[in-house]
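These notes concern the structure reproduced below.
Here it is in structure tokens:
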């Protein structure tokens with residue numbers, strides 16, 4: 156069984172490009188050119204030079220000795236939080252803006268939830284001298300104020316999405332509408348492995364540098380180039396796609412995804428798509444999404460703005476449906492406990508998104524001789540107000 160995208164843009168039964176006719180020229184231009192552009196030696200040289208000199212790659216693979224001792228296994232943290240801008244998102248925005256340049260685009264539009272993708276997009280637009288508009292849910296603008304300030308400092312226009320749940324789903328809707336109305340000069344940088352083909356594949360390719368580095372770093376540290384487990388949080392799923400990519404066909408590595416269960420999977424306030432979702436089209440691709448009997452999207456909920464999404468990317472839907480990956484639902488409270496644990500045992504304050512991945516150790520029950528790699532997708536600076544409020548850090 157293949158876990159990579161096929162020629163039609165599908166992962167098993169999931170994927171494709173379900174788009175309005177007005178969006179077809181934009182998507183088709185990208186689809187027919189992206190693989191050739193990415194394969195150009197000049198593109199690869201520029202991409203990897205920027206990853207090294209601008210982003211700060213390779214990011215460290217850190218042996219978390221105190222977490223390892225507590226859970227009686229070997230836990231490594233892949234430090235994507237040390238990337239420029241504080242998260243893995245920059246890997247993808249660097250790649251996509253280089254594609255946009257080669258397609259002759261001069262303006263960029265993006266969506267963001269937690270704000271990390273918005274910051275990463277605003278960053279590369281400043282670097283390349285391109286106009287930048289970022290759509291962000293009105294609720295997310297309130298709870299992620301530091302990242303909003305960063306985007307504006309970088310010169311981006313942040314536009315609130317005020318429809319629906321006023322979160323990531325609605326920001327994505329608005330960004331797509333903007334792209335439809337500005338097809339000639341604008342490229343849409345999608346921040347996750349969602350949307351119409353070729354976005355899920357293109358984003359996964361740019362994020363695959365994460366698992367490429369894990370392999371070489373483990374070889375150096377442990378004498379083998381694969382872990383027993385790779386753990387990553389999943390909203391849309393870009394950091395997980397990058398962490399999983401080079402292990403998709405490695406049967407010795409178990410792929411573990413942590414979804415946001417919110418107040419509980421069956422509480423009515425959750426974003427645990429694989430537990431609650433069913434096949435349907437969302438934002439241009441066939442995947443799993445949370446929906447009513449008549450196909451209306453159910454509003455998701457998570458304490459984490461980056462996981463507050465009612466679907467998952469088609470790659471992850473296929474990994475779930477095929478049994479290749481195991482999905483855990485992690486509640487807000489479990490994530491908060493894991494965040495404190497990582498902070499106080501390892502001196503690393505994780506993003507709330509990452510905290511969901513750090514919360515599965517107890518359920519994993521890895522053996523003492525096994526190797527567990529957790530993708531630390533982002534740092535916790537942006538979430539300090541939430542941590543302060545929920546954990547009463549002022550007391």
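In our numbering, the protein residues as written are 156 to 550.
Heads up, the beta-carbon is just placed ideally off N, CA and C, and yes, glycines get one too.
Asked, Found
"Assigned exposure category for residue 246 - 16 Cβ within 10 Å defines buried", "buried"
"Among 423, 479, 454, the one whose alpha carbon lies nearest that of residue 396", "479"
"Contact test: residue 244 Cβ vs the ligand NAD heavy atom, cutoff 7 Å", "As for the ligand NAD, it is missing from this structure, which has no ligand bound."
"Backbone secondary structure at residue 262 - three-state DSSP", "strand"
"Start-to-end residues for the alpha helix (DSSP H) that takes in residue 287", "Looking at the DSSP string, residue 287 is not in any alpha helix (DSSP H); the run it does join, the beta strand (DSSP E), is 286 to 292."
"Endpoints, the beta strand (DSSP E) within which residue 483 is located", "480 to 486"
"Proximity winner among 241, 280, 264, 271, relative to residue 253 (alpha-carbon distances)", "280"
"Between the CA atoms of residue 298 and residue 540 - distance to the nearest angstrom", "8 Å"
"Where residue 451 falls: helix, strand or coil (DSSP)", "coil"
"Check whether residue 435 and residue 450 have beta carbons under 8 Å apart", "yes"
"Continuous beta strand (DSSP E) stretch holding residue 410: start and end", "409 to 417"
"Residues of its chain near residue 525, where Cβ-Cβ distance is below 6 Å and the 5 sequence neighbours each way are ignored", "228, 383"
"N-terminal and C-terminal residue of the beta strand (DSSP E) that residue 421 is part of", "Element bounds for residue 421: n/a, residue is neither H nor E."
"Enclosing alpha helix (DSSP H) for residue 360 [first to last residue]", "354 to 362"
"Residue 519 - containing alpha helix (DSSP H), residue span", "516 to 519"
"Proximity to residue 324 [Cα-Cα], best of 500, 487, 457", "457"
"Test item: CB-CB of residue 268 and residue 295 under 8 Å", "yes"
"Residue 312: first and last residue of the uninterrupted alpha helix (DSSP H) it sits in", "Looking at the DSSP string, residue 312 is not in any alpha helix (DSSP H); the run it does join, the beta strand (DSSP E), is 312 to 316."
"First and last residue of the uninterrupted alpha helix (DSSP H) at residue 397", "393 to 399"
"DSSP state of residue 445 mapped onto helix, strand, coil", "coil"
"Where the beta strand (DSSP E) containing residue 342 begins and where it ends", "341 to 344"
"Start and end residues, alpha helix (DSSP H) containing residue 210", "From DSSP, residue 210 is part of no alpha helix (DSSP H); its letter is neither H nor E."
"Residue interval of the alpha helix (DSSP H) (run including residue 274)", "271 to 283"
"Chain B contact for residue 227 (CB, 8 Å cutoff)", "No chain B is part of this structure, which consists of one protein chain only."
"Of the listed residues 341, 351, 460, nearest to residue 171 (C-alpha basis)", "351"
"Spatially closest choice to residue 475 from 429, 306, 349, by CA coordinates", "429"
"Helix, strand or coil at residue 175 according to DSSP, with G and I counted as helix", "coil"
"Neighbourhood of residue 363 by C-beta distance below 7 Å, restricted to the same chain and skipping five residues each side", "397, 400, 401"
"Close Cβ partners of residue 510 (< 6 Å) along its chain, the five nearest in sequence each way excluded", "490, 493, 494"
"Close Cβ partners of residue 444 (< 7 Å) along its chain, the five nearest in sequence each way excluded", "428, 432, 435, 437, 452, 465, 466"
"Endpoints, alpha helix (DSSP H) assigned at residue 474", "469 to 477"
"Local conformation of residue 403 per DSSP, three classes", "coil"
"Sequence-distant residues of the same chain with beta carbon closer than 7 Å to residue 409, five excluded per side", "383, 384, 481"
"Nearest-angstrom Cα separation, counted from residue 487 out to residue 535", "15 Å"
"Whether residue 513 touches residue 529 by CB criterion (8 Å)", "yes"
"Secondary structure of residue 506, DSSP reduced to three states", "coil"
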